[in-house]
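Participant:
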Amino acid sequence: YRYKLKKERWVAVEGLHTGQFVYCGAKAQLTVGNVMPLGKMPEGTVVSMCEEKASDRGRLARASGCNCMVVGHSDDGKKTRIRLPSGSRKTVPSTCRAVVGIAAGGGRMDKPVLKAGNNFHKYRVKRNCWPKVRGSAMNPVEHPHGGGNHQHVGHPTTIARVAVPGQKVGLIAARRTGILRGGKKKERVKRNCWPKVRGSAMNPVEHPHGGGNHQHVGHPTTIARVAVPGQKVGLIAARRTGILRG
-18 YRYKLKKERW VAVEGLHTGQ FVYCGAKAQL TVGNVMPLGK MPEGTVVSMC EEKASDRGRL
42 ARASGCNCMV VGHSDDGKKT RIRLPSGSRK TVPSTCRAVV GIAAGGGRMD KPVLKAGNNF
102 HKYRVKRNCW PKVRGSAMNP VEHPHGGGNH QHVGHPTTIA RVAVPGQKVG LIAARRTGIL
162 RGGKKKERVK RNCWPKVRGS AMNPVEHPHG GGNHQHVGHP TTIARVAVPG QKVGLIAARR
222 TGILRG
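Residue numbers (this note's numbering): -18 to 227.
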């Protein structure tokens, strides 16, 4: 610590360089690297290191390449709606601060790992969470999924939220399990127009073309424009019929 010199460390954004001045506060300019309250930013501003509650020093969009977007402000100016990196939207106080720009280091996950040694060095500096042994490969005294003549769990892997710590492994308090099939449900079709049954396949009481020993119409299918509704099927007020040749 030097006299009148206070050092702070926070997440860098894309485009910053060594020696660049960054400004913090409500009166700072809207440029990459500056820290401002969300209420002072226009809609569509891309930000990172966003606060969830005022003065909590940044909680959202901190990972490399992540960013939030200011979607809108409330009429009274006290709340701001932002879009999170997951795509969901969240309403936070307008006094929450954020850094203008995208968090640096994007594309970090694009390079393939290729070999276990790279994963070894990746997690060695983080925490002891790699490699992971499957529970079904363990003994029954070591894991709820362990044991058995073949490596199988032998019971549903869903487990209650209130399960005791040694028992709480698997799909915890799962509302549903399995593969998510299909997308959003499509809107209902406006009218019931499919499948269509041929008139000649119906009975004579159901359609003017119905009846007969073979599925045939038995009379010309042209019909006048002024025909009554139940009779008005086929080629209505046709000037000509047949294939257009030449």
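Glycine included, C-beta positions come from ideal geometry on N, C-alpha and C.
Give every residue of the same chain whose Cβ lies closer than 6 Å to the Cβ of T138, excluding the five residues on either side of it in the sequence, and list them in chain order.
Facilitator: Indexing the sequence shown from 1 puts residue 138 at position 157. G151 and L152.
Participant: So is G82 buried or exposed if we call it buried at 16+ other beta carbons inside 10 Å?
Facilitator: As a working note, residue 82 is residue 101 in the sequence shown. With 16 or more Cβ atoms within 10 Å of its Cβ, G82 is classed as buried.
Participant: Do you know how far the Cα of L161 is from the Cα of M119?
Facilitator: Position 138 of the sequence shown holds residue 119. Position 180 of the sequence shown holds residue 161. Between the C-alpha atoms of M119 and L161 there is a straight-line separation of about 29 Å.
Participant: Which residues in the same chain have their Cβ closer than 6 Å to the Cβ of P74, if we skip the five residues on either side of it in sequence?
Facilitator: Numbered from its first residue, the sequence shown carries residue 74 at position 93. Once the five neighbours on either side are set aside, the close Cβ partners of P74 are A35.
Participant: Count the C-beta pairs between the region 23 to 34 and the region 45 to 58 that are closer than 8 Å, then say yes if the count reaches three, no if not.
Facilitator: With a cut-off of 8 Å on Cβ pairs, the region 23 to 34 is in contact with the region 45 to 58, counting three or more such pairs.
Participant: Locate the beta strand (DSSP E) running through K213, then write down its first and last residues.
Facilitator: Within the sequence shown, residue 213 is the residue found at index 232, counting from 1. Here K213 belongs to no beta strand (DSSP E), and DSSP marks it neither H nor E.
Participant: Looking at the C-beta of G135, does it have a partner C-beta in chain D at a distance below 8 Å?
Facilitator: Note that chain D does not occur in the displayed structure, where there is just one protein chain.
Participant: Are there three or more Cβ pairs, one per stretch, closer than 8 Å when the region 53 to 61 is compared with the region 94 to 113?
Facilitator: With the rule of 3 Cβ pairs closer than 8 Å, the region 53 to 61 does not count as touching the region 94 to 113.
Participant: Given a threshold of 16 other Cβ atoms within 10 Å of its Cβ, counted over all protein chains shown, does L41 qualify as buried or as exposed?
Facilitator: Counting from 1 along the sequence shown, the entry for residue 41 is found at position 60. The residue in question, L41, is buried, as its Cβ has 16 or more Cβ neighbours within 10 Å.
Participant: Decide if R221 is buried, meaning its Cβ has at least 16 other Cβ atoms within 10 Å, or exposed.
Facilitator: Here residue 221 corresponds to residue number 240 of the sequence shown, with the count starting at 1. Classification of R221: exposed, given that the 10 Å Cβ count is below 16.
Participant: What would DSSP say about G147, mapped onto helix, strand or coil?
Facilitator: As a first step, residue 147 must be located in the sequence shown, where it is residue number 166. G147: helix per DSSP, three-state reduction.
Participant: Closest to V145 by C-alpha separation, out of G135, T158 and P125, would be which residue?
Facilitator: Along the sequence shown, read from residue 1 onward, the residue named residue 145 stands at position 164. Residue P125 is the option with its Cα nearest to V145.
Participant: In chain order, which alpha helix (DSSP H) runs of at least 4 residues are fully inside the region 83 to 169?
Facilitator: 97 to 105
Participant: Given this structure, state the Cα-to-Cα distance separating S67 from V122, to the nearest angstrom.
Facilitator: As a working mapping, residue 67 is identified with position 86 in the sequence shown. As a working mapping, residue 122 is identified with position 141 in the sequence shown. Rounded to whole angstroms, S67 to V122 spans 39 Å at the Cα level.
Participant: Find out if the Cβ-Cβ distance for the pair V(-8), A84 is shorter than 8 Å.
Facilitator: Translated into the one-based positions of the sequence shown, residue -8 becomes position 11. Translated into the one-based positions of the sequence shown, residue 84 becomes position 103. For V(-8) and A84, yes; Cβs fall inside 8 Å.
Participant: Return the residue from the list A205, N184 and L19 that minimises the CA-CA distance to N194.
Facilitator: Taking the first residue of the sequence shown as 1, we reach residue 194 at position 213. Among A205, N184 and L19, the Cα nearest to that of N194 belongs to N184.
Participant: Can you list, in chain order, the residues of its chain with a C-beta nearer than 8 Å to that of A182? Leave out the 5 residues immediately preceding and following it.
Facilitator: Here residue 182 is taken as the residue at index 201 of the sequence shown, counted from 1. Counting only Cβ-Cβ distances below 8 Å, and skipping sequence neighbours, we find G191 and Q196.
Participant: Measuring alpha carbon to alpha carbon, tell me which residue in G215, V209 and G46 is nearest G88.
Facilitator: Residue numbering aside, residue 88 sits at position 107 when the sequence shown is read from its first letter. Ranking the options by Cα distance to G88, first place goes to G46.
Participant: C77 and L11 look like a contact to me (Cβ under 8 Å); what is the Cβ gap, rounded to whole Å?
Facilitator: Here the question's residue 77 lines up with position 96 in the sequence shown. Here the question's residue 11 lines up with position 30 in the sequence shown. The pair is not a contact, with the Cβ atoms about 16 Å apart (cut-off 8 Å).
Participant: Counting only the same chain and skipping the five closest in sequence on each side, list residues whose C-beta sits under 6 Å from that of V3.
Facilitator: On the sequence shown, position 22 is the one that residue 3 refers to. Within the same chain, V3 has close Cβ partners G14 and N15.
Participant: Once you ignore the five residues that flank T158 on each side, which residues in its own chain have a CB closer than 7 Å to its CB?
Facilitator: Here residue 158 is taken as the residue at index 177 of the sequence shown, counted from 1. Result list for T158: T139 and L152, in chain order.
Participant: Is it true that the CB of V207 sits closer than 8 Å to the CB of P189?
Facilitator: Residue mapping note: residue 189 aligns to position 208 of the sequence shown, counting from 1. Residue mapping note: residue 207 aligns to position 226 of the sequence shown, counting from 1. Not a contact, by the Cβ cut-off of 8 Å.
Participant: Tell me whether A79 sits in a helix, a strand or coil according to DSSP, three-state version.
Facilitator: By one-based count along the sequence shown, residue 79 stands at place 98. A79 falls in the strand class under three-state DSSP.
Participant: Going by the beta-carbon positions, is the gap between M255 and V80 smaller than 8 Å?
Facilitator: There is no way to answer for residue 255, as the model of the chain reaches only from -18 to 227.
Participant: Give me, in chain order, the residues of the same chain whose beta-carbon lies closer than 7 Å to that of I217; leave out the 5 immediate sequence neighbours on both sides.
Facilitator: The sequence position of residue 217 within the sequence shown is 236, counting from 1. Within the same chain, I217 has close Cβ partners I204 and R206.
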